[in-house]
Amino acid sequence: MTMPEDTQDDRLVVFFDIDNTLYSANHKIAQEMGVRIHAYFVSLGLSDEEAADLHSQYYTQYGLALRGLQRHHDVDPIDFNEKCDGSLPLEEMLKPNPRVRQLLQDIDRSKCRVWALTNAYRTHAERVLKILGLRDQIEGVVSCDYHEENFPSKPQPAFYLKAMQQAGVRDPSKCLFVDDSFSNVEGAKRVGWIRSVHFREVGLETVEASHAMRISQDQEKLLNGDEIPVIDDLQQLRELWQDIFV
Ligand SMILES: [Mg+2]
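Mind the numbering: the sequence shown is residues 1 to 246 in UniProt numbering, read in order.
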């Protein structure tokens, strides 16, 4: 009886980021999240200005505001999640997009499996996928486990490795990835997810660490000078990843 190598599922795996990727930034969910995270900082006894500064600082330093809140303010991540992502009126803000559903349906599942990879907590991820009517198209969801101490998140290498382990894929070059955050795409490339794509809706507004910003056209470069493919419509994946579509 042999098990390991030859029984390994050798299909490719595509990992989709969820927020501002499987739905457009024009739904302004990031703005509403920003408002709630700011209010959370203020509820810790900070002034508006201190709250904005710290939020920015933690976001820059840790990639996640929550990580700074845990380390320096002993915040319970579950409470944070309930008051921030959990309180968003997503059912009123999002609706299924038939083009995105069709895109996922057109991925040839004999060649490629479809997963989601998010820095959000599982409840938020599942809720968004359900509202978008995409849950049945996604085999598995890799999300941040707030119960785990020092849980990994994008763009930390450990999180992409956790994703590979959960999806049961050993070869990083088999992982395809699309995300609206450049640093997350950069992190993926660093662990060998060479077919990563940056989804960038140029001109739309988003929010990073409570600062509103317009998504710009400027192409960031990787340290080694490599350019990452940029798309402004998920449908362009059909061209970039021709081999996985029917
Ligand atoms: Mg995103």
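Glycine included, each C-beta is placed from N, C-alpha and C at the ideal position.
Report task. Please determine, among 84, 44, 198, 14, the residue with the shortest C-alpha to C-alpha distance to residue 226. Result -> Here residue 226 is taken as the residue at index 226 of the sequence shown, counted from 1. Residue 198 is the option with its Cα nearest to residue 226.
**Report entry** Nearest candidate by alpha-carbon position, reference residue 147, set 8, 77, 86, 63
**Finding:** Position 147 of the sequence shown, counting from 1, holds the residue named residue 147. In this structure, 77 is the residue among 8, 77, 86, 63 with its C-alpha nearest to the C-alpha of residue 147.
Query - Three-way DSSP call (helix, strand, coil) for residue 205 in this model - result: As a working mapping, residue 205 is identified with position 205 in the sequence shown. Residue 205: strand per DSSP, three-state reduction.
Query raised in the report: Just to check, is the beta-carbon of residue 232 closer than 7 Å to a non-hydrogen atom of ligand 1?
Result: Residue numbering aside, residue 232 sits at position 232 when the sequence shown is read from its first letter. Residue 232 Cβ: outside cutoff for every heavy atom of ligand 1.
Report task. Could you name the residues that DSSP lists as bridge partners for residue 100? Result -> Here residue 100 refers to the residue found at position 100 of the sequence shown. As DSSP reads the structure, residue 100 sits in no beta bridge.
Query - Residues of its chain near residue 206, where Cβ-Cβ distance is below 7 Å and the 5 sequence neighbours each way are ignored - result: Sequence index remark: in the sequence shown, residue 206 carries index 206 (1-based). Correct list, in chain order: 20, 25, 30, 213, 215.
Requested in this report: Just list the beta strand (DSSP E) runs in the stretch 151-190, keeping only unbroken ones of 3 residues or longer that don't cross its boundaries, in chain order.
Outcome: Counting only runs of 3 or more, we get 175-179.
Query raised in the report: Who pairs with residue 199 in a beta bridge, going by DSSP?
Result: Within the sequence shown, the letter at position 199 stands for residue 199. According to DSSP, residue pairing for residue 199 in a beta bridge involves 231.
Query raised in the report: Can you give the Cα-Cα distance for residue 208 and residue 180, rounded to whole angstroms?
Result: Locating residue 208 in the sequence shown gives position 208, counting from the first residue. Locating residue 180 in the sequence shown gives position 180, counting from the first residue. The alpha-carbon atoms of residue 208 and residue 180 are separated by roughly 12 Å.
Query raised in the report: What did DSSP end up calling residue 119 once you bin it into helix, strand or coil?
Result: Here residue 119 refers to the residue found at position 119 of the sequence shown. Note: residue 119 maps to strand in three-state DSSP.
Requested in this report: Could you tell me the distance, in whole angstroms, from the CA atom of residue 41 to the CA atom of residue 90?
Outcome: In the sequence shown, the residue the question calls residue 41 occupies position 41. In the sequence shown, the residue the question calls residue 90 occupies position 90. The straight-line gap from Cα to Cα measures roughly 22 Å.
**Report entry** Sequence-distant residues of its chain with Cβ nearer than 8 Å to residue 111 (five each side left out)
**Finding:** The residue labelled residue 111 in the question sits at position 111 within the sequence shown. Closer than 8 Å at Cβ, skipping near neighbours: 11, 12, 243, 244.
Report task. Determine the contact status of residue 99 and residue 236, defining contact as a CB-CB distance below 8 Å. Result -> Reading the sequence shown from its first residue, position 99 is the one you call residue 99. Reading the sequence shown from its first residue, position 236 is the one you call residue 236. Judged by beta-carbon spacing, residue 236 lies beyond the 8 Å limit of residue 99, meaning their Cβ atoms are not closer than that value.
Query raised in the report: DSSP on residue 211, reduced to helix/strand/coil?
Result: Translated into the one-based positions of the sequence shown, residue 211 becomes position 211. Reduced to three states, the DSSP call for residue 211 is strand.
Query raised in the report: In or out: residue 161 buried (at least 16 other Cβ within 10 Å) or exposed?
Result: In the sequence shown, counting from the first residue as 1, residue 161 sits at position 161. Classification for residue 161: exposed.
Query raised in the report: Should residue 63 go down as buried or exposed, given a rule of 16 or more other Cβ atoms within 10 Å for buried?
Result: Locating residue 63 in the sequence shown gives position 63, where the first residue counts as 1. Under the 10 Å beta carbon count, residue 63 is surrounded by 16 or more other beta carbons and is classified as buried.
Report task. Using 7 Å as the cut-off, classify the Cβ of residue 179 as near or not near the heavy atoms of ligand 1, replying yes or no. Result -> Stepping through the sequence shown from its first residue, residue 179 is reached at position 179. Within the cutoff, so yes.
Query raised in the report: Regarding residue 85 and ligand 1, is the C-beta to nearest heavy atom distance less than 7 Å?
Result: Sequence index remark: in the sequence shown, residue 85 carries index 85 (1-based). No; taking the cut-off as 7 Å, the Cβ of residue 85 has no heavy atom of ligand 1 nearer than that.
Requested in this report: Give a single yes or no on whether residue 26 has its beta carbon closer than 7 Å to a heavy atom of ligand 1.
Outcome: One-based indexing of the sequence shown puts residue 26 at position 26. Because no heavy atom of ligand 1 lies under 7 Å away, the Cβ of residue 26 does not count as near it: no.
Query raised in the report: To the nearest angstrom, how far is it from the Cα of residue 187 to the Cα of residue 195?
Result: The count along the sequence shown starts at 1 and reaches residue 187 at position 187. The count along the sequence shown starts at 1 and reaches residue 195 at position 195. In a straight line, the C-alpha of residue 187 is about 12 Å away from that of residue 195.
**Report entry** C-beta contact flag for residue 228 and residue 185 at 8 Å
**Finding:** The count along the sequence shown starts at 1 and reaches residue 228 at position 228. The count along the sequence shown starts at 1 and reaches residue 185 at position 185. Yes, they are a contact pair.
Query raised in the report: Measuring CA to CA, which of 163, 156, 124, 145 is closest to residue 139?
Result: One-based indexing of the sequence shown puts residue 139 at position 139. Cα-wise, what sits closest to residue 139 is 163.
**Report entry** residue 97 versus residue 165: straight-line alpha-carbon distance, rounded
**Finding:** If you number the sequence shown from 1, residue 97 lands on position 97. If you number the sequence shown from 1, residue 165 lands on position 165. Using only the alpha carbons, I get a separation of about 30 Å.
Query - Buried or exposed by the 16-neighbour rule on C-beta atoms within 10 Å, applied to residue 68 - result: To locate residue 68, count along the sequence shown from 1; it is residue 68. The residue in question, residue 68, is buried, as its Cβ has 16 or more Cβ neighbours within 10 Å.
Report task. Go through its chain and collect everything with a Cβ distance to residue 84's Cβ below 8 Å, but skip five positions before and after it. Result -> On the sequence shown, position 84 is the one that residue 84 refers to. Closer than 8 Å at the Cβ level, and outside the excluded window around residue 84, lie 33, 36, 37, 40.
**Report entry** Burial state of residue 81, where buried means 16 or more other Cβ atoms lie within 10 Å
**Finding:** Residue mapping note: residue 81 aligns to position 81 of the sequence shown, counting from 1. Buried is the call here.
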